[in-house]
Amino acid sequence: EPEVTQTPSHQVTQMGQEVILRCVPISNHLYFYWYRQILGQKVEFLVSFYNNEISEKSEIFDDQFSVERPDGSNFTLKIRSTKLEDSAMYFCASRLDSFYGYTFGSGTRLTVV
Amino acid sequence: AQSVSQHNHHVILSEAASLELGCNYSYGGTVNLFWYVQYPGQHLQLLLKYFSGDPLVKGIKGFEAEFIKSKFSFNLRKPSVQWSDTAEYFCAVTVSGGGADGLTFGKGTHLIIQP
């Protein structure tokens, strides 16, 4: 069964540093998403991406966040200047179209120290 | 904005017991509803989804859910649980529309099945 792949599985970074989280969505999917889950809290929507541009974003997705699909296969989430409160599990997801469920990756655990 | 409530944060059952996990959403329009499961150390997996049609939907691993529009509910059920059902269960909703809509999740229910 096709999978969404995320790398790395765990990343530790110092506060103020930039991080890039990487995802390879399922190859024929059209919609891509990032979610995050702070420890002990619910999974929260960050952003959706379609046709090479951001479609929707939540209030969490402020100017320190950006997404890119640089080469037609990878889908990245960049956090420019990490803060302690950015520590969370970040999930990538993709979807074929609006009649299908979302397929999630295994997540990247980001720890900001 | 829509929201999702899962009533039980922790549920402990014995094997072969019946399961019902509650989920209510708040949104006045048409919604798409989902249940996801997360086994320890694994990614979120889709159990089942409701878009339209028969409000009783059947998913994988013997799970089913019933959409009751008048109650804004989408409860998950399984007649006889197994030890391997131990996991975190998430109800989620997206408003019916374009594919770019993000999911709104509930806080999850941690289910522990005792052998």
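The listed protein sequences correspond, in order, to chains D and L. Start counting the first sequence at 1; every next residue gets the next number (my numbering). Start counting the second sequence at 114; every next residue gets the next number (my numbering). Glycine included, every Cβ here is placed at the ideal spot set by N, Cα and C.
Quick one: what does DSSP say residue i is sitting in, helix, strand or coil?
| i | result |
| --- | --- |
| residue 3 (chain D) | coil |
| residue 177 (chain L) | strand |
| residue 191 (chain L) | strand |
| residue 171 (chain L) | strand |
| residue 9 (chain D) | coil |
| residue 197 (chain L) | helix |
| residue 123 (chain L) | strand |
| residue 152 (chain L) | coil |
| residue 46 (chain D) | strand |
| residue 205 (chain L) | strand |
| residue 216 (chain L) | coil |
Identify the continuous beta strand (DSSP E) that holds residue i and give its terminal residues.
| i | result |
| --- | --- |
| residue 31 (chain D) | 31-37 |
| residue 130 (chain L) | Counting along the chain, residue 130 (chain L) falls outside any beta strand (DSSP E), and DSSP gives it neither H nor E. |
| residue 227 (chain L) | 222-227 |
| residue 117 (chain L) | 116-118 |
| residue 112 (chain D) | 108-112 |
Per the DSSP calculation, residue i is bridged to which residue(s)?
| i | result |
| --- | --- |
| residue 41 (chain D) | The partner list for residue 41 (chain D) (beta bridge, DSSP) is empty, contrary to what the question assumes. |
| residue 163 (chain L) | L:146 |
| residue 123 (chain D) | In the structure displayed, chain D extends from 1 to 113; residue 123 (chain D) sits before or after that span and is not available. |
| residue 186 (chain L) | L:137 and L:181 |
| residue 18 (chain D) | In DSSP, residue 18 (chain D) forms no bridge with anything. |
Please compile the residues from chain C whose C-beta is within a distance smaller than 7 Å of the C-beta of residue i.
| i | result |
| --- | --- |
| residue 142 (chain L) | No chain C is part of this structure, whose protein chains are labelled D and L. |
_Which residues of the region 90-108 of chain D have a Cβ closer than 9 Å to any Cβ of chain L? Give them in chain order._
The residues in question are 91, 93, 95, 96, 97, 98, 99, 100, 101, 102, 103, 104, 105, 106 and 107.
_Give the list of continuous beta strand (DSSP E) stretches no shorter than 3 residues that lie fully inside the region 56-102 of chain D._
Taking 3 residues as the minimum length, the beta strand (DSSP E) runs contained wholly in the region 56-102 of chain D are 65-68, 75-79 and 88-95, in order along the chain.
*Could you run through the region 149-177 of chain L and flag, in chain order, every residue whose CB is less than 8 Å away from some CB of chain D?*
Interface annotation for the region 149-177 of chain L against chain D: 149, 155, 156, 157, 158, 159, 162 and 164, criterion Cβ-Cβ distance under 8 Å.
*In chain order, what residues of the region 53-85 of chain D put their CB closer than 8 Å to some CB of chain L?*
Going along the region 53-85 of chain D in chain order, one finds 55, 56 and 58 with a Cβ nearer than 8 Å to chain L.
*In chain order, what residues of the region 32-56 of chain D put their CB closer than 7 Å to some CB of chain L?*
Listed by position along the chain: 33, 42, 43, 45, 48, 50, 55 and 56.
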